[in-house]
Amino acid sequence: MSTSKVSAEQISYLKEVKRKKQFVLGMQLAILLFFLGLWELAADLNWIDDFVFSSPSRIVKTCIDLSVSGELLKHTGITLYETILSFLITTGGSIFIAMLLWISPTVSKILEPYLVMLNSLPKSALAPLLIVWLGTGARTIIVAGISVAIFGGIINLYTTFRGTDREKEKLIYTLGGKKYQVLFKVVLPAGIPAIISNMKVNVGLSLVGVIIGEFLAARAGLGYLIIYGSQVYKLDWVMMSIILLCIMAVVFYQFIGVVERRYQ
Amino acid sequence: MGVILSLEHISFTYHSEKGEIRALDDISFSVSQGEFVAIIGPSGCGKSTLLSLISGLHPVERGNIIFHGNTEKQTSTNIGYMLQKDHLFEWRTIYRNVILGPEINKSLTKEKEAEIEDMLKTYGLLEFKNKKPSELSGGMRQRAALIRTLAMEPDLLLLDEPFSALDYQTRISVADDIGTIIKKEGKTAILVTHDLSEAISLADRVIVLTKRPATVKKIIPIELSIENRTPFSSRTAPEFKEYFNLLWKELSAHEYV
Ligand SMILES: Nc1ncnc2c1ncn2[C@@H]1O[C@H](COP(=O)(O)OP(=O)(O)O)[C@@H](O)[C@H]1O
Ligand SMILES: [Mg+2]
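If you read the protein sequences in the order shown, they are chains A and B.
Going by our numbering, the first residue of the first sequence is number 1, and it counts up by one from there.
Going by our numbering, the first residue of the second sequence is number 1, and it counts up by one from there.
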C-alpha cells in the first residue's frame, strides 16, 4: 500500500512466500530430471527396449539429425501454423457468431438445436468428408481443427453474453445508448473472462483437431511424423514429436496466461 | 414555476406466457420545475415500472406522459435515471465510468471533460479518479453514480431506491449527501423509496401508491417549519414525526394489516 516503511514482519513474510515458490519450482524441475534420468538409465541398462521405448539421448540425437536436414523445422512449423490459424479462426469466429446470436434472440432460438447437434457430433466422423471435399493439405487440417472447437465455443460464449446483468444493460439504455452500445460497452467487456477461458479450451481442442487431421490427411506436420514414424518403426520420431507437442501446448498456455494477466 | 412533467391516466400491464400482470392503474400527477417528489409504496407495486415509463425505457401503453406541456416526448427534456445499484463497471476506472453517458452520446468535448472533472472535485472524488470502483466505499460509489447521471445534464432526475443497497448508517448520510447535491444543482427529482424518513427528509411532496396494480392513494406536501432546510435538519423538524405517522398509516392500510 502507500506506507513507505515496510515492517520487518512483512519482509520476512515476503521472504517466506518467495522461498515456497522456489521450492515448488525446484520440485517440478527435480521430477522432470528424475523421470528423464530414469528413462535414460532404463534404456542404457536394457531394462526396456530402446528401439520401442526410445530414450532421451536418442530423442536428442533424432532432434539434431532432423534439424540439420531441415525437416524438424518444416514439420513443427506446419503444425504450429495450422494450430495457430485454427485457434485464431475458432476464437474470432465463436466471438463473432455469439455476438450475432446475442443481437437476435429469434435467430438464436432457430439455430439452437442445430448448434447443439453439431457440438455433440464426434468431429472425427467429418474427417473423411473433409478429405474428399478439400483434399489433403493444410486447408483440410485447419478446417478439422476449427470444427472440433467452434460449436462449443459459440454455445458457451452466447450463454455468457445472454447472462449479462440485465440492470447493467438497462444502465446503458438509461444513458441514451442503443443495442450495439450495450454490446460493446457491457456485454463484451463483462464477457472477457469467459472469452479468455474459451481461448484456453480452444488452444487444446485446436491442437487435437490438427493432430487428428494430420493423422488422416497430411504429408507433413508432427501428426504426420507420428503416424509415419509408427508405421516404419521409427519410434524415436514418434517420441520426439510427442515431446514437441507437449512443449507447444505449454507455450500456448503461457501465451494465453499473458493475455489473461493483461486484462485483469 | 412551470410544470416539467405531467402523467395523465397512465396504466401499464406486463404480458407474458403465464398471463398478464397489471402493474399501474390510472396514475395521474405532475411535477414542477425544481421540485423534489418522493414516491412510496409497497414493494412490487409498480414503482420501478412507473420510472421506466417516464424515462421512455417502456413504451406508454395507455395514458399520456407530457414534458413541459409538450406530448412529443423527450424533445427538450433530458432524463437522468439512477438505478438501485450503482452499476459502476469494474473494468473501467471511476473517471471512465462517470464519462460513460457523454461517451455514448458522443458529446464528450473538452469542456464536458472539464465540467466532469469539476464535479469530481466538488464532490470529493478527484483523487479517486483513476481507481477501480471496488476500491471505493459504498457512499463514494453512489456519489460517482450520481455524477455519471449529472454528466448528462438532466432536467429531470429519476432515482429508483438508490440507497437501499447501503447499510443503515451509510444510507442516512449518503441520502443526505445526494439530496444536498441535487438541491444545490437545482435539479427536479423523483425519488422512489420505501424508507419513510428518507422520503420526508428529502421531498417537497410525497406520493403514496397502493399495492399492485398501483394507483395514487394520496399526495402529501411536506411543509417543515425550519429555516434553510437540508435533508439532515429536516429530520429534527417538529412536524417530522407527524408526517411519519401519517405516511405509516397510509401505507399500513393495505400492506401490514
Ligand atoms: N419485465 C417484467 N415482466 C413481467 N412482470 C414484471 C416485469 N417487471 C416487473 N414485473 C412485475 O410488475 C410488478 C411491479 O414491478 P416493479 O415496478 O419492479 O415494482 P416495485 O419497483 O414497486 O418494487 C411486480 O409484481 C413485478 O413482478
Ligand atoms: Mg423497484
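From the three backbone atoms N, C-alpha and C, an ideal C-beta is built for every residue, glycine too.
If you check the C-beta of B:Thr-49 against ligand 1, you find a heavy atom less than 8 angstroms away. For the stretch 18 to 35 of chain A, there are no residues whose beta carbon sits under 9 angstroms from a beta carbon of chain B. Following the DSSP letters along the chain, one finds B:Asn-64 inside the beta strand (DSSP E) bounded by residues 62 to 67.
The beta-carbon distance between A:Ala-217 and A:Thr-140, rounded to whole angstroms, is 5 angstroms. This is short enough to meet the 8 angstroms contact definition.
Counting C-beta pairs closer than 8 angstroms gives fewer than three between the stretch 234 to 252 of chain A and the stretch 116 to 134 of chain A, which falls short of the contact rule. Here A:Ala-190 really is in contact with A:Thr-164; their C-beta atoms are around 5 angstroms apart, less than 8 angstroms. In this structure B:Glu-198 is buried. Its beta-carbon is surrounded by 16 or more other beta-carbon atoms within 10 angstroms. Taken in chain order, the whole alpha helix (DSSP H) runs of length 4 or more contained in the stretch 159 to 217 of chain B are 168 to 184 and 196 to 202. If one requires a minimum length of 3 residues, the beta strand (DSSP E) runs lying completely within the stretch 3 to 37 of chain B are 3 to 16 and 19 to 32, in chain order. Looking from the CA of B:Leu-125, the closest CA among B:Ser-107, B:Ala-145 and B:Leu-100 belongs to B:Ala-145. At least one heavy atom of ligand 1 is found less than 8 angstroms from the C-beta of B:Ala-214. Using a C-beta cut-off of 8 angstroms, the stretch 183 to 199 of chain B makes no contact with the stretch 240 to 256 of chain A, since fewer than three inter-stretch Cβ pairs fall below that distance. Among the residues of chain A, none has a CB under 8 angstroms from the CB of B:Met-140; the nearest is roughly 17 angstroms distant. The DSSP-derived three-state label of A:Pro-122 is coil.
As computed with DSSP, B:Tyr-81 is found in a beta bridge with B:Leu-158. For B:Ile-21, the distance from the CB to the nearest heavy atom of ligand 1 is below 8 angstroms. The three-state reading of DSSP puts A:Pro-113 in helix, counting H, G and I together. A:Arg-261 sits exposed, since fewer than 16 C-beta atoms from the chains shown fall within 10 Å of its C-beta.
Closest by C-alpha distance to B:Gln-142, out of B:Met-82, B:Asn-105 and B:Thr-13, is B:Met-82. With fewer than 16 neighbouring CB atoms inside 10 Å of its own CB, B:Arg-62 falls in the exposed class. Assigned with DSSP and collapsed to three states, A:Ile-154 falls in helix. Only exposed fits B:Ala-114, as fewer than 16 other CB atoms lie within 10 angstroms of its CB. Rounded to whole angstroms, the Cβ separation of A:Ile-226 and A:Ser-241 is 5 angstroms, and the two are in contact under 8 angstroms. Note on the stretch 89 to 120 of chain B: whole alpha helix (DSSP H) runs with a minimum of 4 residues are 94 to 98 and 100 to 105, in chain order.
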